[in-house]
Amino acid sequence: MFYREVGEFKTSYPQDSESFGIGLDKYGYYFVLFIAFVIIPLMINDYWASAVLVPFLVWAIASLGLNILTGYCGQISLGTGGFMAVGAYSCYKLMTSFPDLNIIFCIILSGLITAGVGILFGIPSLRIKGFYLAVATLASQFFLVWLFNRVPWFYNYSASGQISTPERSVFGILVTGPNVQPWAQYMICLLFAFGLAWGCRNLTRGSLGRKWRATRDMDIAAEIIGVNLLQAKLSAFAISSFYIGIAGALFFSVYLGAVDATEAFGINQSFLVLFMIIIGGLGSILGSFIGAAFMVLFPVLLKNILVGWWEWDAALATHLEFISVGFLIIVFLIFEPHGLAQLWRLLKQKLRLWPYPH
Amino acid sequence: MKVRKLAISLATIISLVAPPALADLVIPWLSYRTGPYSPSGIPAADGFADYFTLLNERDGGIGGELVKIIECETGYNTQKGVECYEATKGEGSLVYAPLSTGITYQLIPKVAVDQIPMHTMGYGRTSAKNGAIFEWIFNFPGNYWDGASIAINHILDENGGEISGKKIALVYHNSAYGKEPIKTLEKLSEKYGYELTLIPVDHPGLEQKSQWLEIRRGRMDYVLMWGWGVMNSVAIQEAANIRFPMENFIGIWWSGSENDVLPAGERAHNYKALALHGVGTDYPLYDDLKTYVYDKGLAAGDGSSIGSVLYNRAVYNSALLAEAIKTAQEMHGVSDITPVMMRDGLENLSVTEEVMTSWGLPGFAPPFEVSCENHGGDGLAMVQQWDAEAQEWNIITGLISSDKEVIDPLIMEDSTQYAAENNITPRC
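Protein chains in written order, with the numbering used here: chain A, 1101 to 1458; chain B, 5 to 432.
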């Protein structure tokens, strides 16, 4: 009825290639941005920032990154935790070595450093595929975490091996450290998440994204039609690692403030991000956000209902959380193997035809 | 859909996090009854809850105010720890005791901003002992560097003061917790001339075959351990597998509970660990606990952990906090104290033999005093040894003091570095 192309007149090419072609989509998108940029910063408090929204945004960036590599380019990676560690540790080294450098540049530079490391570990992807590549990236996960534990230079020789973030500000507003305002913490993550999601959307719609998808669907066919596999795969590794590096830098500097390589960037985190994109939807930007929301927010929500509301025993609630998250993952994989984003896609298709489904 | 979902979940949470009535003395306990660290986390959580239940049941709380424990499950995970902190700090929380060095590091800057004291008993950041710089952090009665030095002193005693050339290995949890003693052990090795080998074990510590192979190959004379959770019991079993002499295997006070030695059975006989306090249930306090808590069915756990080392540790921890609350109430003349008053209470805490007798724990631990300069107590500990036949720990030494000549400069160096990084002016 409302949600359809009919009546949307495109009078120029730029209009025709708009990201959101349907009016309702476009206004919905503006509405979400309005809520995210205006309403939430006005209402946010400490708990919301550090327990809910900041982790959600950081994980969303990480799953966007992995989605580029796995969802769009079809290269399975289990090295996400390790790449996040690269982002975090390079951010730390930049922040401490160049105290005058703005934190925004530190974060972007750490993304670039991670991109370099990503390319390095992406080289084997030209020869090995599928599960074998997963094992190769698993090696990068263990190697990188080991490296950050092993070489004291990375953590500035601190006694505990932890890295902790100094206070930094953007335009005079603190964004890292303990004195940070919740809205500032949220806004910096939101800006990065928005910018990166916007970039990801446009990259994947362009020629590079088509090359990635061709590689994913059948690499030999892609090569025959003239896709340079070397370029496609390595660019996917580089851009994906750039995203993941930024997620790691934000994870360390804005979200936690102090991290320990083994715990914060272990293999669990790699799996967590992989689950996010599988549940959210491979090859979907919305899916990255939904997946992150599901894996990060659902446990918090469940805990607040069970422990905060019904006053259950905390341990029992945690066990139930494990069971129900696991159960829901299986349910989603059985009933919607293409992820939660596919539900949204189906709904849109149904809406377009409604009320005359045939 | 994403937005709608988010909005619904957000709205639900908002309605849930509404602040409750602030009538009681609220103490959050960041527990971990799940995951690979639960063998260590469960007895501690039970002990903590049971002691405050006793105070509520027997004395009607502290100074007439009931104590309310908010247990928040972290699974020993720092991210969940932060979530728990943010969720509970608004409920009038008086003091945090996270029982995790990782979470402690996370919270050190936060509690200073929120002005809530944190007590990390025998764990956390060692240099927080310097109260002039770490105003809100307390780590009495002992810290990891004390522990490292006490273990070396015990080895010195056994060898008549001569350990140069001995090979000592440190098996440690590869995290902030396990890395804490390294610097001290390195300094001490310069002083005494032993050879130190560092052997990290990654989280969660279920796989230690290669580490113990290295110990066997290197023919280590002594092994020190900084372990936690399942890592402890796995290490002790592996040590038994390579027939390492158990009397030369010494754990920190976090690696010396019943849960750690029982899985190895007979072979854990003679395993040693440091002890911050007495062992067993042979204290008058346990009569009261039985009358007011266990017999009434109010015990927090299933009763299996009662009297275990970590249970006693948590009882000791809660007794110290209760005493600090009492001190704060006396100092400020109000019973419903604030976190800021609680800090004063902790800083002026004086635990004498009479005080411990009044708890029902005579001779349980060494007496000590907290001051503005010294938030860390005196750093005294004993050595306990496991008797596998009787299935009990025995204290085998008197109080051993740590080597202050080595530790104090290290604490000064580390804390002044922290002060410089964070622009803190020393207070006293």
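Think of the CB as a built atom: it goes at the ideal place given N, C-alpha and C, for glycine as much as any other residue.
**Asked** Where does the unbroken beta strand (DSSP E) through M229 (chain B) begin, and where does it stop?
**Response** Sequence index remark: in the second sequence, residue 229 (chain B) carries index 225 (1-based). Start and end: 226-230.
**Request:** Given a cut-off of 8 Å, decide if V1154 (chain A) and Q1262 (chain A) are closer than it, judged by their beta-carbon atoms.
**Result:** Mapped onto the first sequence, residue 1262 (chain A) falls at position 162. Mapped onto the first sequence, residue 1154 (chain A) falls at position 54. A distance of 8 Å or more separates the beta carbons of Q1262 (chain A) and V1154 (chain A).
**Request:** Could you tell me whether any Cβ in chain A is nearer than 8 Å to the Cβ of L26 (chain B)?
**Result:** Here residue 26 (chain B) refers to the residue found at position 22 of the second sequence. At L26 (chain B) the pLDDT is 46, less than 50, meaning the model places this residue with poor confidence; the figure from the coordinates comes in the next sentence. Not closer than 8 Å to any Cβ of chain A, the Cβ of L26 (chain B) fails to qualify, so no.
**Outcome for H158 (chain B) when other beta-carbon atoms lying within 10 angstroms are tallied against a minimum of 16** = Stepping through the second sequence from its first residue, residue 158 (chain B) is reached at position 154. With 16 or more other Cβ atoms within 10 Å, it is buried.
**Q1164 (chain A) in three-state terms, based on DSSP** = Along the first sequence, read from residue 1 onward, the residue named residue 1164 (chain A) stands at position 64. Gln is not the amino acid found at residue 1164 (chain A); the sequence shown has Leu there. Three-state DSSP puts L1164 (chain A) in a helix.
**Asked** Which two residues bound the contiguous alpha helix (DSSP H) that contains W149 (chain B)?
**Response** Reading the second sequence from its first residue, position 145 is the one you call residue 149 (chain B). Unbroken alpha helix (DSSP H) run through W149 (chain B): 148-162.
**Message:** Can you check whether the C-beta of K6 (chain B) is within less than 8 Å of a C-beta belonging to chain A?
**Reply:** Walking along the second sequence from the start, residue 6 (chain B) turns up at place 2. At K6 (chain B), the pLDDT of 47 sits below 50, so the modelled position is not reliable and the matter cannot be decided from this model.
**Message:** Using CA atoms only, rank isn't needed, just tell me which of B:G197, B:R129, B:L314, B:Y320 is closest to P43 (chain B).
**Reply:** Taking the second sequence and counting its residues from 1, the one referred to as residue 43 (chain B) is at position 39. Ranking B:G197, B:R129, B:L314, B:Y320 by Cα distance to P43 (chain B) puts B:L314 first.
**Request:** Give the single residue among A:S1210, A:A1236, A:E1421, A:R1452 whose Cα lies nearest to the Cα of N1404 (chain A).
**Result:** Along the first sequence, read from residue 1 onward, the residue named residue 1404 (chain A) stands at position 304. Nearest C-alpha to N1404 (chain A): A:E1421.
**Request:** Kindly confirm or deny that the region 1353-1373 of chain A and the region 1410-1420 of chain A touch, where touching means at least three C-beta pairs closer than 8 Å.
**Result:** no
**Whole-angstrom distance between G51 (chain B) and E417 (chain B), CA atom to CA atom** = Mapped onto the second sequence, residue 417 (chain B) falls at position 413. Mapped onto the second sequence, residue 51 (chain B) falls at position 47. Going from the Cα of E417 (chain B) to the Cα of G51 (chain B) covers about 36 Å.
**Request:** For C76 (chain B), return the contacting residues in chain A, with the cut-off set at a CB-CB distance below 7 Å.
**Result:** Position 72 of the second sequence, counted from the start, is the residue given in the question as residue 76 (chain B). By Cβ distance, chain A contributes A1414.
**Request:** For G311 (chain B), I'd like the list of residues in its chain whose CB is within less than 8 Å of its CB, leaving aside the five on either flank, ordered along the chain.
**Result:** Locating residue 311 (chain B) in the second sequence gives position 307, counting from the first residue. Same-chain partners within the cutoff: G284, T285, Y290.
**Message:** I believe A1392 (chain A) touches A1160 (chain A) by the beta-carbon criterion, under 8 Å. Please report the beta-carbon distance rounded to the nearest angstrom.
**Reply:** Taking the first residue of the first sequence as 1, we reach residue 1392 (chain A) at position 292. Taking the first residue of the first sequence as 1, we reach residue 1160 (chain A) at position 60. Sure, about 4 Å apart at Cβ, within 8 Å.
**Message:** Any contact between the region 47-65 of chain B and the region 297-306 of chain B? By contact I mean 3 or more CB pairs, one from each, below 8 Å.
**Reply:** yes
**Message:** With a threshold of 8 Å between beta carbons, is N1328 (chain A) in contact with chain B?
**Reply:** In the first sequence, the residue the question calls residue 1328 (chain A) occupies position 228. For N1328 (chain A), the answer is no, since every Cβ of chain B falls outside 8 Å of its Cβ.
**Item:** 8 Å CB neighbourhood of G1277 (chain A) in its chain, flanking five on each side removed
**Value:** Numbered from 1 along the first sequence, position 177 holds the residue referred to as residue 1277 (chain A). For G1277 (chain A), where only same-chain residues beyond five positions count, the Cβ hits under 8 Å are T1265, P1266, E1267, R1268, G1357.
**Message:** As an exercise, report each continuous alpha helix (DSSP H) stretch of at least 4 residues that is fully enclosed by the region 1370-1437 of chain A, in chain order.
**Reply:** 1385-1392, 1398-1403, 1414-1435
**Prompt:** Counting pairs of beta carbons, one from the region 1212-1227 of chain A and one from the region 1339-1346 of chain A, are three or more of them closer than 8 Å?
**Reply:** yes
**Message:** Taking its Cβ as the centre, do 16 or more other Cβ atoms sit within 10 Å of H1419 (chain A), making it buried, or is it exposed?
**Reply:** By 1-based counting over the first sequence, the position of residue 1419 (chain A) is 319. It counts as exposed.
**Straight-line gap, A244 (chain B) to A1297 (chain A) (C-alpha atoms, nearest Å)** = Taking the first residue of the second sequence as position 1, residue 244 (chain B) is located at position 240. Taking the first residue of the first sequence as position 1, residue 1297 (chain A) is located at position 197. Distance between the alpha carbons of A244 (chain B) and A1297 (chain A) is about 54 Å.
**Message:** I'd like to confirm the pairing. Which residues does DSSP put opposite G255 (chain B) in its beta bridges?
**Reply:** Taking the first residue of the second sequence as position 1, residue 255 (chain B) is located at position 251. The partner list for G255 (chain B) (beta bridge, DSSP) reads B:M229, B:A277.
**Message:** Between L1334 (chain A) and G1222 (chain A), how many whole angstroms is the CB-CB distance? I'm expecting something under 8 Å.
**Reply:** Here residue 1334 (chain A) refers to the residue found at position 234 when the first sequence is read from its first residue. Here residue 1222 (chain A) refers to the residue found at position 122 when the first sequence is read from its first residue. L1334 (chain A) to G1222 (chain A), Cβ: 5 Å. Contact.
**Request:** Mind listing the chain B neighbours of T1214 (chain A)? Cutoff is C-beta to C-beta under 8 Å, in chain order.
**Result:** Position 114 of the first sequence, counted from the start, is the residue given in the question as residue 1214 (chain A). Result: empty, since nearest Cβ-Cβ is about 21 Å, beyond 8 Å.
**Item:** Residue range of the unbroken alpha helix (DSSP H) whose run includes M1287 (chain A)
**Value:** Residue mapping note: residue 1287 (chain A) aligns to position 187 of the first sequence, counting from 1. From DSSP, the alpha helix (DSSP H) with M1287 (chain A) extends over 1282-1305.
**Request:** Can you pull the chain A residues whose beta carbon is under 8 Å from the beta carbon of E194 (chain B), in chain order?
**Result:** Mapped onto the second sequence, residue 194 (chain B) falls at position 190. Neighbours of E194 (chain B) on chain A: none; closest Cβ ~16 Å, over 8 Å.
**Message:** Counting only C-beta atoms, is D412 (chain B) closer than 8 Å to chain A at any point?
**Reply:** In the second sequence, the residue the question calls residue 412 (chain B) occupies position 408. No, D412 (chain B) does not count as interfacial toward chain A.
**Item:** Identity of the residues DSSP links to S237 (chain B) by a beta bridge
**Value:** Taking the first residue of the second sequence as position 1, residue 237 (chain B) is located at position 233. Answer is none; S237 (chain B) lacks a bridge partner.
**Prompt:** Cβ of A1293 (chain A) within 8 Å of Cβ of I1168 (chain A)?
**Reply:** As a working mapping, residue 1293 (chain A) is identified with position 193 in the first sequence. As a working mapping, residue 1168 (chain A) is identified with position 68 in the first sequence. No, they are not a contact pair.
**Request:** Return the residue from the list B:F138, B:K133, B:I46, B:Y127 that minimises the CA-CA distance to E425 (chain B).
**Result:** Taking the first residue of the second sequence as position 1, residue 425 (chain B) is located at position 421. Closest by alpha carbon: B:F138.
**Item:** Residues that D418 (chain B) contacts on chain A, provided the C-beta gap is smaller than 8 Å
**Value:** Position 414 of the second sequence, counted from the first residue, corresponds to residue 418 (chain B). Ordered by position in chain A, the residues that pass the 8 Å Cβ test against D418 (chain B) are A1259.
**Message:** I'd like to know whether the C-beta of R37 (chain B) is nearer than 8 Å to at least one C-beta of chain A.
**Reply:** Here residue 37 (chain B) refers to the residue found at position 33 when the second sequence is read from its first residue. Yes, R37 (chain B) lies at the interface with chain A (some Cβ there is under 8 Å from its Cβ).
**Message:** Give me the residue from A:I1140, A:Y1103, A:L1308 with the minimum Cα distance to C1289 (chain A).
**Reply:** The count along the first sequence starts at 1 and reaches residue 1289 (chain A) at position 189. When each option's Cα is compared against that of C1289 (chain A), the closest is A:I1140.
**Message:** Going by beta-carbon coordinates alone, are T82 (chain B) and A1364 (chain A) separated by less than 8 Å?
**Reply:** What you label residue 82 (chain B) is simply residue 78 of the second sequence in a count that begins at 1. What you label residue 1364 (chain A) is simply residue 264 of the first sequence in a count that begins at 1. Cβ atoms of T82 (chain B) and A1364 (chain A): closer than 8 Å.
**Residues within the region 1420-1438 of chain A neighbouring chain B, beta-carbon criterion of under 8 Å** = The residues in question are F1422.
**Message:** Which same chain residues end up closer than 6 Å to L1402 (chain A) when comparing Cβ atoms and leaving out the 5 residues on each side of it in sequence?
**Reply:** Counting from 1 along the first sequence, the entry for residue 1402 (chain A) is found at position 302. If we look at L1402 (chain A) and ignore the five residues flanking it on each side, its Cβ neighbours are E1421.
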